[in-house]
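J.: Those protein sequence lines, which keep their order, are chains B and S. Under UniProt numbering, the first residue of the first sequence is numbered 1, with each subsequent residue one higher. Under UniProt numbering, the first residue of the second sequence is numbered 1, with each subsequent residue one higher.
Protein chains: 2
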Amino acid sequence: MTIVVSSDISSDSASRAKHAADATPDLISAVIDEAGKLAAEVIQPTNQNGDREGCHYNPDTHEVKTPEGFKEAYKKFVEGGWTALDAPLEFGGQGLPHTLKFVVDEMVCSTNLSLGMYPGLTHGAISALHAHGSNELKQTYLEKLVSGEWTGTMCLTEPQCGTDLGMIRTRATPNDDGSYAIEGTKIWITGGEHDLTDNIVHLVLAKLPGAPNTTKGISLFIVPKFLSESGERNPAFCGGLEHKMGIKGSATCVMNFEGAKGWLVGEANDGMRSMFTMMNEARLMVGMQGLGLAEMAYQESLAFAKERLQSRSLSGPKNPNGPADPIIVHPDVRRMLMRQKVLNEGMRALALFTGHQLDLSVAHPDESARASADDLVQLLTPVVKAFLTDEGANNANTGLQVLGGSGFTTDWPLEQLVRDGRIARIYEGTNGIQAMDLVGRKLSLKGGQLVRTLFRVLSGYLKGNPEAPHREELKGAMGALEKATMWLATGEGNKPLLESKLVSARFYFEKLLPEIHWLLSDIVSGKDSMMDMGDDHWAA
Amino acid sequence: MTIVVSSDISSDSASRAKHAADATPDLISAVIDEAGKLAAEVIQPTNQNGDREGCHYNPDTHEVKTPEGFKEAYKKFVEGGWTALDAPLEFGGQGLPHTLKFVVDEMVCSTNLSLGMYPGLTHGAISALHAHGSNELKQTYLEKLVSGEWTGTMCLTEPQCGTDLGMIRTRATPNDDGSYAIEGTKIWITGGEHDLTDNIVHLVLAKLPGAPNTTKGISLFIVPKFLSESGERNPAFCGGLEHKMGIKGSATCVMNFEGAKGWLVGEANDGMRSMFTMMNEARLMVGMQGLGLAEMAYQESLAFAKERLQSRSLSGPKNPNGPADPIIVHPDVRRMLMRQKVLNEGMRALALFTGHQLDLSVAHPDESARASADDLVQLLTPVVKAFLTDEGANNANTGLQVLGGSGFTTDWPLEQLVRDGRIARIYEGTNGIQAMDLVGRKLSLKGGQLVRTLFRVLSGYLKGNPEAPHREELKGAMGALEKATMWLATGEGNKPLLESKLVSARFYFEKLLPEIHWLLSDIVSGKDSMMDMGDDHWAA
């Protein structure tokens, strides 16, 4: 097959599509079609073997070989211009909307999450460098990262610290030539070493001499595997690979920086700000990973449910000439498929809404509209990350359940989707960290302005749509959200200790038992919303 | 180490402990202590290698080799008398309470689910044979199954049918000597072939000539690997192993019966009844698997949370001399640990209550008390299976989340617990099938008597404990349960089809959105029930 999208959009179309507002529906539609082809025909065929074969580490050369097929698929991904989709025009990017990038991300993550992570992390490095790097650094690195000729990494975690980055020990000592000597060990570095490209560009958090032992003493450095001018090998070596439950085709590296040459990105001791440029972008991408895997799980379980014949429908045979009916006729199977479908639709709507706000925050001509859009992006980033990965994982698990025993075997793709997706609830800040970001930071930011912006949008919708279906339920949910927000803003004091069993009991009765009222309303709302989906509408 | 339990209880104690009422607290306590030692010192050390090595199939000999260490651990399990714990006295069993067996099951499943499945399935075969087999069959097989010298299997599923057993194709043709020639292929047969014992006894569902093509045309046969008199190899061969997401040390076999000699167990065409003797027992055991894995996940994540230093407590340093506080001080980590702990406690209480009812249903001197206990066992069996495996899987996943990125690596046991536990929601009837059994069968059985018995027990508790903590919440929950039961008993009619998006929306608003009221009450009930657990009480 031929990936024609590059010729369509990378030259004249790209210069036309300066930002979100310029991308026409036809162009968007063509890009999405081509992304679908790429995902189905180039990326997906590498997925199962990537899991089975995994990555190979050579301790003598410190080199990593990716699974068979990855290099060729990545080459096509690069040739198609996909690494450049929403990257800045001045460095060879196509400048298309971020929203469109989200759509493509979902497809890539659906079809091979491990492979998608190499360009995924690169994208974050591009953004950090573009936002915070000097002109010289941008000129040296951006074009090759945008084109996909090189990839990028994000080197944060160390053995003694993940969440608590104030504790990092990697040191940066100034050299005479304005560069720094980077010394230290980083772990869990995605794409830290691989054979997809000739060079790898590491963005590394480290401490300058005398910097305080807090997050205010961290600086960001760019450390290439090979120095761009001399071609010399920089002593930034992979020391081994992690053995993981999933995403086995993604090289998760221990990286040893042994006096490697690096250059400061942004201001000294201001590395957390640059890091968050990468991190916020990565969090949105991880949300799309959760959705992508859930969507693939839905498609696979739906297909299985239509094929597998077992037992008869309660309302009489639906496949009278066969030995049994397809299991999609059974209420419990439909319940599972409905839950997958509805939550996937809702997650996608939330993600694309957020992507659209991201585009508006950059490209809207009105300043206050840009600010409002930015409020929403900041508020919703932890929600997209946590909600799409928690419910994405649940949906992948539900998909496996639809297949029954088959789903537990490696003959079907579901168990890999479940394993691959498990990490998304953890990396780029666990979902508990996302909750802290939302409640501890975003709700009080600018005196509560972010959440007020959201309520204004929701109220506007309710006011403007007096006949909308389920308007009253939405209003009720919004009321509950307002109450919860209010409660979180005012807080509550401590109470004295109780005996451990009483604490257990209270936790249960306060936190878990009230689920019963939800379950009750689920039960008495009956089966119609499960059973009424038309046969042709499962993929709609 | 020495397993002393056998000498303690297998001879004089066992003959003393005829049934539940005879087991003294001291005896129970000694058995539990010894089971704990066995689990920790003999079984657990085989767990990780069992997962990594898996089982080996030799296509030339049709033989299966279990992972290294399994054979020795199984030998100690047998020598300790553990296969005989609650088995009938007259065939060498110890006749101890089923409740005690549940406690031991939890420990075995906690420490190596794969290994535990070989004797676990044997136990079901013993029960079916004891309840339905002829005296001759019992004399031939029971003693060796009870002693663990032989193991048993349950051969139900075929490629074209799992849930829908009416569709089985395996045939039983009468031989001249009163035996039958069994011909057909069974799949997903746990322990169908292995090297732990010299003989394996298969209990096989098959159809007699002319039997109807429904579940009313199924008979149960006993088919030994080696014929007990002649020692001749019976043509019941393993045709291969499944490749699975987890429980890799458990040999999941394709079994080809090529005219193998079998004997009828129970009446012709009444095989489903015998099968359900095994199945109901297996369902309770699978519930304990879910709990066992969840308990191990809790212990592992709790230990990690006490060791791992990261960030400071919001209320000031708790480990001022260290570089950071242990993560157990953080509210979100405590929330996860509390959820694990509380649900594990609740699941264990439900399981042991059910086990106790099982003992009462056999051993209580009063006939109506036996009947009431049996009502509760029947009603609660699908609840124990589904609730303990769903929430067990959730708890194992929560445990992984506590470890963050470490939990996703194979350096820690959490990811194996999650993978191993995933099957428990599926086998011995998926949890959707359990829901059907509860709602479609158990609620209406004997005109609704089973659930009325449960309400009587709950009302009795409320009446007898006017000062019980959380009495009002429990009353409210019971009211919701009564309403739901009533609604399920009366049902509701169909409504016309709607457009697919409207169906999606309705499903969401009816089934999923009401969760928000639960979440709201979770939020406004505050943090005390998470934060008040005393440091010494996490294991209490």
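Think of the CB as a built atom: it goes at the ideal place given N, C-alpha and C, for glycine as much as any other residue.
1) Could you name the residues of chain S that residue 218 of chain B contacts, counting a contact when the two beta carbons are closer than 7 Å?
2) Which residues in the same chain as residue 106 of chain B place their Cβ atom closer than 7 Å to its Cβ, once the five residues preceding and following it in sequence are excluded?
3) Give, in chain order, every residue of the UniProt domain "Acyl-CoA oxidase/dehydrogenase middle" (154-258) of chain S whose Cβ lies closer than 9 Å to some Cβ of chain B.
4) What is the DSSP secondary structure of residue 428 of chain S, reduced to helix, strand or coil?
5) Using a Cβ distance threshold of 8 Å, determine whether the stretch 150-160 of chain S contacts the stretch 197-204 of chain S, with at least three qualifying pairs required.
6) May I ask you to list, following chain order, the residues of the stretch 395-427 of chain S that have a beta carbon less than 8 Å from some beta carbon of chain B?
7) What's the C-alpha gap between residue 525 of chain B and residue 484 of chain S?
8) Chain B beta carbons: is any one of them nearer than 8 Å to that of residue 300 of chain S?
9) Could you tell me which chain S residues have their CB closer than 8 Å to the CB of residue 323 of chain B, listed as they occur along the chain?
10) Heavy atom of the ligand ATP less than 7 Å from the Cβ of residue 131 of chain B, yes or no?
11) Measuring only between beta-carbons, confirm whether residue 515 of chain B sits less than 8 Å from chain S.
12) Please name the residue in B:121, B:170 and B:23 whose C-alpha comes closest to that of residue 181 of chain B.
13) How is the beta strand (DSSP E) around residue 264 of chain B delimited, first residue to last?
14) Identify which residue in B:73, B:115 and B:141 has its Cα closest to the Cα of residue 127 of chain B.
15) If you draw a straight line from the C-alpha of residue 554 of chain S to the C-alpha of residue 211 of chain S, how long is it?
16) Quick check on this structure: which residue in B:29, B:43, B:68 and B:138 has the alpha carbon closest to the alpha carbon of residue 96 of chain B?
17) Note down, in chain order, every chain S residue with its Cβ under 8 Å from the Cβ of residue 436 of chain B.
18) Mind checking whether residue 282 of chain S and residue 194 of chain S have CB atoms under 8 Å apart?
19) Ignore the nearest five residues each way along the sequence and tell me which others in residue 520 of chain B's own chain have a CB closer than 6 Å to its CB.
20) Using a cut-off of 7 Å between C-beta atoms, extract the partners of residue 385 of chain B located in chain S.
21) Give the residues of chain S in contact with residue 483 of chain B, contact being defined as C-beta atoms less than 9 Å apart.
22) Determine the burial state of residue 111 of chain B: buried for a count of at least 16 other Cβ atoms within 10 Å of its Cβ, exposed for fewer.
23) If we cut at 8 Å on Cβ distances, does residue 310 of chain S have a partner in chain B?
24) Measuring alpha carbon to alpha carbon, tell me which residue in S:33, S:216, S:435 and S:473 is nearest residue 331 of chain B.
25) Would you mind working out which of S:164, S:103, S:155 and S:249 sits nearest residue 56 of chain S, comparing C-alpha positions?
26) Looking at the unbroken alpha helix (DSSP H) that takes in residue 114 of chain S, where does it start and where does it end?
27) Between the beta-carbon of residue 191 of chain S and the beta-carbon of residue 416 of chain S, is there less than 8 Å?
28) Report the three-state DSSP secondary structure of residue 541 of chain S (helix, strand or coil).
29) For chain B, find out if any of its Cβ atoms is closer than 8 Å to the Cβ of residue 510 of chain S; answer yes or no.
30) Please classify residue 219 of chain S: does DSSP put it in a helix, a strand, or coil?
31) Three Cβ pairs or more, each shorter than 8 Å: is that satisfied between the stretch 334-346 of chain S and the stretch 383-403 of chain S?
32) Which residues in chain S have a C-beta closer than 8 Å to the C-beta of residue 145 of chain B? List them in chain order.
33) Following the continuous alpha helix (DSSP H) through residue 370 of chain S, name the residue where it begins and the one where it ends.
34) Let me make sure I understand the geometry here. Which of B:63, B:277, B:204 and B:305 has the alpha-carbon closest to that of residue 241 of chain B?
35) Less than 8 Å between the CB atoms is what I'm expecting for residue 122 of chain B and residue 280 of chain B, so what's the real figure, rounded?
36) Taking the C-alpha atoms as reference points, what is the distance between residue 147 of chain S and residue 224 of chain S?
T.: From the atom records:
1) For this step, residue 218 of chain B is matched to residue 218 along the first sequence. Within chain S, no residue comes near residue 218 of chain B; the closest Cβ sits about 15 Å away, beyond 7 Å.
2) Reading the first sequence from its first residue, position 106 is the one you call residue 106 of chain B. For residue 106 of chain B, where only same-chain residues beyond five positions count, the Cβ hits under 7 Å are 288, 291, 292 and 295.
3) 157, 160, 161, 162, 163, 164, 166, 167, 187, 188, 213, 242, 243, 244, 245, 246, 247 and 252
4) On the second sequence, position 428 is the one that residue 428 of chain S refers to. Residue 428 of chain S: coil per DSSP, three-state reduction.
5) yes
6) 397, 400, 401, 404, 405, 407, 408, 409, 410, 411, 415, 418, 419, 422, 423, 425, 426 and 427
7) Residue mapping note: residue 525 of chain B aligns to position 525 of the first sequence, counting from 1. Residue mapping note: residue 484 of chain S aligns to position 484 of the second sequence, counting from 1. Taking the straight line from one Cα to the other gives about 11 Å.
8) Reading the second sequence from its first residue, position 300 is the one you call residue 300 of chain S. For residue 300 of chain S, the answer is no, since every Cβ of chain B falls outside 8 Å of its Cβ.
9) In the first sequence, counting from the first residue as 1, residue 323 of chain B sits at position 323. Chain S residues near residue 323 of chain B: 160 and 167.
10) Only the bare structure without any ligand can be found here, which leaves the ligand ATP out of the picture.
11) Numbered from 1 along the first sequence, position 515 holds the residue referred to as residue 515 of chain B. Chain S contact via Cβ: present.
12) In the first sequence, counting from the first residue as 1, residue 181 of chain B sits at position 181. When each option's Cα is compared against that of residue 181 of chain B, the closest is B:170.
13) Along the first sequence, read from residue 1 onward, the residue named residue 264 of chain B stands at position 264. 252-265 is the extent of the beta strand (DSSP E) around residue 264 of chain B.
14) Numbered from 1 along the first sequence, position 127 holds the residue referred to as residue 127 of chain B. Closest option to residue 127 of chain B, Cα to Cα, is B:141.
15) Residue 554 of chain S lies beyond the residue range present for chain S, which begins at 1 and ends at 540; the question has no answer from this structure.
16) Within the first sequence, the letter at position 96 stands for residue 96 of chain B. Here the closest residue by C-alpha is B:29.
17) Mapped onto the first sequence, residue 436 of chain B falls at position 436. Here the neighbours are 332.
18) On the second sequence, residue 282 of chain S is found 282 positions in, with the first residue counted as 1. On the second sequence, residue 194 of chain S is found 194 positions in, with the first residue counted as 1. Contact: no.
19) Here residue 520 of chain B is taken as the residue at index 520 of the first sequence, counted from 1. Correct list: empty, nothing qualifies.
20) In the first sequence, residue 385 of chain B corresponds to position 385, counting from 1. Near residue 385 of chain B there are no residues of chain S at all, since even the closest Cβ is about 14 Å away, more than 7 Å.
21) For the purposes of this step, residue 483 of chain B is taken as residue 483 along the first sequence, with counting starting at 1. The contacting residues are 520, 523 and 524.
22) Position 111 of the first sequence holds residue 111 of chain B. The residue in question, residue 111 of chain B, is buried, as its Cβ has 16 or more Cβ neighbours within 10 Å.
23) In the second sequence, the residue the question calls residue 310 of chain S occupies position 310. Output row for residue 310 of chain S: interface = yes.
24) Reading the first sequence from its first residue, position 331 is the one you call residue 331 of chain B. Of S:33, S:216, S:435 and S:473, the residue nearest in Cα terms is S:435.
25) Your numbering for residue 56 of chain S matches position 56 in the second sequence. Comparing Cα positions, the closest option is S:249.
26) Counting from 1 along the second sequence, the entry for residue 114 of chain S is found at position 114. Residues 98-132.
27) Translated into positions along the second sequence, residue 191 of chain S becomes position 191. Translated into positions along the second sequence, residue 416 of chain S becomes position 416. In this structure, residue 416 of chain S does not lie closer than 8 Å to residue 191 of chain S by Cβ.
28) The structure shown does not extend to residue 541 of chain S, since chain S is modelled only from 1 through 540, so no value can be given for it.
29) As a first step, residue 510 of chain S is located in the second sequence; it is residue number 510 there, counting from the start. For residue 510 of chain S, the answer is yes, since a Cβ of chain B falls inside 8 Å of its Cβ.
30) Walking along the second sequence from the start, residue 219 of chain S turns up at place 219. Here residue 219 of chain S sits in strand by DSSP.
31) yes
32) Residue numbering aside, residue 145 of chain B sits at position 145 when the first sequence is read from its first letter. The premise fails here: residue 145 of chain B is roughly 25 Å from chain S at the closest Cβ pair, so nothing lies under 8 Å.
33) Indexing the second sequence from 1 puts residue 370 of chain S at position 370. First-last of the alpha helix (DSSP H) with residue 370 of chain S: 367-402.
34) As a working note, residue 241 of chain B is residue 241 in the first sequence. Here the closest residue by C-alpha is B:63.
35) Working through the first sequence from its first residue, we reach residue 122 of chain B at position 122. Working through the first sequence from its first residue, we reach residue 280 of chain B at position 280. So it is not a contact: roughly 16 Å between Cβ atoms.
36) As a first step, residue 147 of chain S is located in the second sequence; it is residue number 147 there, counting from the start. As a first step, residue 224 of chain S is located in the second sequence; it is residue number 224 there, counting from the start. Near 16 Å, if we compare the C-alpha coordinates of residue 224 of chain S and residue 147 of chain S.
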